[in-house]
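Engineer: There's a structure below that I have some questions on.
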Amino acid sequence: MYDLLFTGARVVDGTGNPWFWADVAVQGDKVVAIGKVEGRARREVRAAGRLLTPGFIDAHSHSDASLLVDPAAESKVRQGVTTEVIGNCGFSLAPLTGAARHLVAQEVQELELELAWSSLGAYLAALRRKGTAVNVVPLVGQGTVRRCVLGEEDRKPTPEELVEMSRLVEQALAEGAHGLSTGLVYPPGCFSATEELIALCRPVRQAGGIYASHVRDEGDELVEAVGEAIEIGVKAGLPVHLSHHKAAGPTNWGQVGVTLRMLEEARSKGQEVTCDVYPYTAS
17 MYDLLFTGAR VVDGTGNPWF WADVAVQGDK VVAIGKVEGR ARREVRAAGR
67 LLTPGFIDAH SHSDASLLVD PAAESKVRQG VTTEVIGNCG FSLAPLTGAA
117 RHLVAQEVQE LELELAWSSL GAYLAALRRK GTAVNVVPLV GQGTVRRCVL
167 GEEDRKPTPE ELVEMSRLVE QALAEGAHGL STGLVYPPGC FSATEELIAL
217 CRPVRQAGGI YASHVRDEGD ELVEAVGEAI EIGVKAGLPV HLSHHKAAGP
267 TNWGQVGVTL RMLEEARSKG QEVTCDVYPY TAS
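If you want the working numbering, it's the position in the sequence shown, counting the first as 1, plus 16.
Here it is as structure tokens:
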């Protein structure tokens with residue numbers, strides 16, 4: 017006898033293949049049968065044509081702090097989200113050295129959260145101790161790294177400062193980060209030149225990570241901003257992901273037709289570049 021049996025479901029299995037009709041049987045914490053399942057179960061759910069999936073990945077989340085405050089993550093779990101990518105738009109809760117600790121503490125003060133870590137590894141350990149309900153894929157935020165070394169200063173880093181920022185990125189990657197994110201419309205990311213970002217992406221390439229970017233402009237200069245993101249991927253030699261791709265403002269609506277062709281052209285030349293979008297109307 018199975019523990020749980022879903023009957024008559026439209027299964028979307030996450031492989032990219034079309035959905036298919038199936039029963040799904042569960043024993044303990046494992047799916048043990050998919051198809052026309054014979055036998056009984058302690059609990060049966062008549063799916064009646066509803067969609068059944070392994071769970072959704074939220075590719076662009078800002079739950080870095082909220083997962084520590086509310087580890088049950090019901091606002092995501094009840095929507096079927098089982099994995100969250102955090103550390104987006106250049107903002108992560110680690111590393112926290114130098115000016116970054118004070119600045120980040122100000123930004124999360126309403127959550128009354130004690131920042132009892134300085135490295136990404138220690139932050140992830142804090143998440144594990146809380147027993148977070150969702151899987152977590154962390155990125156390291158370039159803005160946070162820059163704050164560690166330069167604070168909020170609007171200037172080019174010295175060679176020594178760039179080396180220190182690269183070291184912090186390397187450490188975060190070694191401790192579990194899957195890539196580097198930028199938020200180039202916000203300070204301090206907006207103070208960073210393209211060359212600085214390419215340099216910080218080189219250790220990411222060596223670690224097999226990705227570059228995820230809230231690009232420098234999502235309005236009048238969207239095309240140029242997408243071009244910069246692709247250029248960083250080409251010159252640093254790593255995959256690029258555009259966060260919440262959009263064209264903001266009525267005068268720019270339709271510009272994504274241009275930028276999506278840019279992505280397709282880059283992909284045809286061997287540059288891996290992808291994007292995500294909001295599942296709702298915004299910006």
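All C-beta atoms, glycine included, are put in the ideal place defined by N, C-alpha and C.
Can you check DSSP and say which residues form a bridge with E100?
Structural biologist: Note: E100 sits in a beta bridge opposite D74 and V152.
Engineer: Are the segment 194-205 and the segment 225-245 in contact at 8 Å, needing three or more beta carbon pairs?
Structural biologist: Short answer: they touch.
Engineer: Could you say if the segment 162-171 and the segment 186-201 meet the contact criterion of at least three C-beta pairs nearer than 8 Å?
Structural biologist: No, the segment 162-171 is not in contact with the segment 186-201.
Engineer: Under the three-state reduction of DSSP, which class applies to F36: helix, strand or coil?
Structural biologist: Strand, per DSSP.
Engineer: How would you call G225, buried or exposed, if buried means at least 16 neighbouring beta carbons within 10 angstroms?
Structural biologist: Burial call: buried.
Engineer: Contact defined as beta carbons within less than 8 Å: I believe A223 pairs with A110. What is the distance between those atoms, to the nearest angstrom?
Structural biologist: About 16 Å separates the two Cβ atoms, so there is no contact after all.
Engineer: Does DSSP put Y139 in a helix, in a strand, or in coil?
Structural biologist: Y139 falls in the helix class under three-state DSSP.
Engineer: Am I right that V242 and T275 are in contact with their C-beta atoms under 8 Å? What's the rounded C-beta distance?
Structural biologist: That belief holds up - the Cβ atoms of V242 and T275 are roughly 5 Å apart, short of 8 Å.
Engineer: Looking at the structure shown, is E60 part of a helix, part of a strand, or coil, going by DSSP?
Structural biologist: If DSSP states are grouped into helix, strand and coil, E60 belongs with the strands.
Engineer: Can you tell me which of the three DSSP states R94 falls into?
Structural biologist: Note: R94 maps to coil in three-state DSSP.
Engineer: Confirm, please, whether the CB-CB distance from L136 to E191 is below 9 Å.
Structural biologist: Yes, Cβ-Cβ distance for E191 and L136 is below 9 Å.
Engineer: For A298, count the other beta carbons within 10 Å of its own beta carbon; 16 or more makes it buried, fewer makes it exposed. Which is it?
Structural biologist: That one is exposed.
Engineer: Considering just the uninterrupted stretch of the alpha helix (DSSP H) at H118, what are its terminal residues?
Structural biologist: H118 -> alpha helix (DSSP H) spans A115 to E123.
Engineer: Which runs of the alpha helix (DSSP H) at least 4 residues long sit entirely within the segment 252-299? Give them in chain order.
Structural biologist: For the segment 252-299, whole alpha helix (DSSP H) runs of length 4 or above, ordered along the chain, are 272-284.
Engineer: Are the CB atoms of L131 and H194 within a distance shorter than 9 Å?
Structural biologist: The answer is no: Cβ separation not under 9 Å.
Engineer: Roughly how many angstroms separate the alpha carbons of Q271 and R283, rounded to a whole number?
Structural biologist: So the alpha carbons of these two residues sit roughly 19 Å apart.
Engineer: Got a sec? Which residues, its chain only, sit under 7 Å from F107 by beta carbon, not counting five neighbours each side?
Structural biologist: Closer than 7 Å at the Cβ level, and outside the excluded window around F107, lie G157, G159, T160 and G199.
Engineer: What separation, rounded to the nearest whole angstrom, lies between the Cα atoms of E186 and V179?
Structural biologist: Distance between the alpha carbons of E186 and V179 is about 10 Å.
Engineer: Run the CB neighbour count on R56, radius 10 Å, all protein chains shown included, and call it buried at 16 or more, exposed below.
Structural biologist: So R56 ends up on the exposed side.
Engineer: What residue from H260, E177 and N268 has the CA that sits closest to Y294's CA?
Structural biologist: Among H260, E177 and N268, the Cα nearest to that of Y294 belongs to H260.
Engineer: Give the single residue among L119, N268 and V124 whose Cα lies nearest to the Cα of H78.
Structural biologist: Taking only the C-alpha atoms, the option nearest H78 is V124.
Engineer: Less than 6 Å between C-beta atoms, sequence neighbours within five positions excluded: which residues of the same chain meet that for K262?
Structural biologist: E234 and S299, listed in sequence order.
Engineer: Note down the Cα distance separating E54 from K46, rounded to an integer number of angstroms.
Structural biologist: Taking the straight line joining both Cα atoms gives about 17 Å.
Engineer: Name the DSSP bridge partner or partners of Y18?
Structural biologist: DSSP, once it has assigned bridges, lists A57 as partnering Y18.
Engineer: Check G106 in the structure and name its three-state DSSP category.
Structural biologist: Note: G106 maps to coil in three-state DSSP.
Engineer: By DSSP, does T210 sit in helix, in strand, or in coil?
Structural biologist: Reduced to three states, the DSSP call for T210 is helix.
Engineer: Can you name the start and end residues of the beta strand (DSSP E) that L196 belongs to?
Structural biologist: Taken as a continuous stretch (DSSP letters only), the beta strand (DSSP E) holding L196 covers G195 to G199.
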